[in-house]
Structures are given as C-alpha cells and as structure tokens.
Amino acid sequence: MLSADIVVLYKRNDNTYDILLIRRGGETERGKLALPGGKKNAKDGTIAVTAQRELYEEVGIHAELDELSVYGVLDGPGRDPRGDNRTSIVHILDASPAQVRDARAGDDASELVRMPLANVQPNLMAFDHAKVIERLQSDYA
C-alpha cells in the first residue's frame, strides 16, 4: 500500500526552522506526534496528489503540486503497526507564513503542534517518523 507523509517546514526570522506536526487522534498511535499524511486513493492519480490532498485534509493547508518535493521514502516490514505494509513517499513543503497561519487540525489530527525543528524529540514520534525527524535535524541544522 502506498501512502504520502508531508514535512511542513517554515523559516523563522532567525533563519532556523519550525515544523508543523499533528498529534494523532485515531486509534493507531493515539496521542503521538506525526507528520501529516495518509494512504493513496485510486482517484488521486499520483502520489503528489495524495500528498496535496492529505495536507489539506489533516492540517488545512493548500499547496500547489510544484510546492511539494520528494524528501525520501519510508519502507520495510513493521514500519506501521497497522500491519498493511505501507510504503510512504515523504514530501516536503517550505510553507509560507500565510499557509501556516491558516493551518488547523482535521481528519486524524486531534491537535496541531508547532515547534522548532531542533526541539522535536524523535522518540515521541508515531510510526517510523523519527527517521525523518533525525534526517531533517541534520539537514536543516
């Protein structure tokens, strides 16, 4: 099964980055922090469209397809406790202040969490999203 996860970063005035995460409200990994995302639907056509749709459904941010770029792939057995062997294509959005200002929790998100990227503790992340956080903290330090 193919899914998309989205990293929403925005640059602060001091040239450091904040990240927008969700707190999981669904049964799986309830209460943990996660990247917004979800599975590809047949009508999506492409995984980029899945990322665009999930970004809007989970955090209320509309992004044009050319604003989303592939950051990596999460794959392998056991990466998702739901057991359906998901492969996730991780996209990144360098969000504008307006996009972040208008964000709101929706769908599987019980809450939006905005914080400095450097302060995210990977062990608090759902699924295997800690791998993405660790790479981001290295790439955007």
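Its first residue numbered 4, the sequence shown is counted upward by one per residue in the numbering used here. Think of the CB as a built atom: it goes at the ideal place given N, C-alpha and C, for glycine as much as any other residue.
As assigned by DSSP and simplified to three states, the class of residue i
i: residue 65; result: coil
i: residue 101; result: helix
i: residue 138; result: helix
i: residue 1; result: Residue numbering for the chain in the displayed model covers 4 to 144; residue 1 lies beyond these limits and cannot be assessed.
Distance, residue j Cα to residue i Cα
i: residue 40; j: residue 14; result: 21 Å
i: residue 60; j: residue 17; result: 30 Å
i: residue 29; j: residue 42; result: 14 Å
i: residue 57; j: residue 79; result: 22 Å
i: residue 55; j: residue 102; result: 13 Å
i: residue 37; j: residue 67; result: 22 Å
i: residue 50; j: residue 124; result: 28 Å
i: residue 70; j: residue 62; result: 16 Å
i: residue 65; j: residue 144; result: 27 Å
According to DSSP, residues forming a beta bridge with residue i
i: residue 8; result: 40, 93
i: residue 114; result: 26
Counting Cβ pairs, one atom from each stretch, are 3 or more of them under 8 Å apart for the region 114 to 131 and the region 16 to 29?
yes
With contact counted as at least three CB pairs below 8 Å, one residue from each stretch, are the region 6 to 16 and the region 88 to 101 in contact?
Yes, the region 6 to 16 touches the region 88 to 101.
Between the region 106 to 114 and the region 125 to 142, can you find at least three pairs of beta-carbon atoms closer than 8 Å?
Under the three-pair Cβ rule at 8 Å, the region 125 to 142 does not count as touching the region 106 to 114.
Hey, which unbroken runs of the alpha helix (DSSP H) at 4 residues or more fall wholly within the region 14 to 64?
Listed in chain order, the complete alpha helix (DSSP H) runs (minimum 4 residues) inside the region 14 to 64 are 50 to 62.
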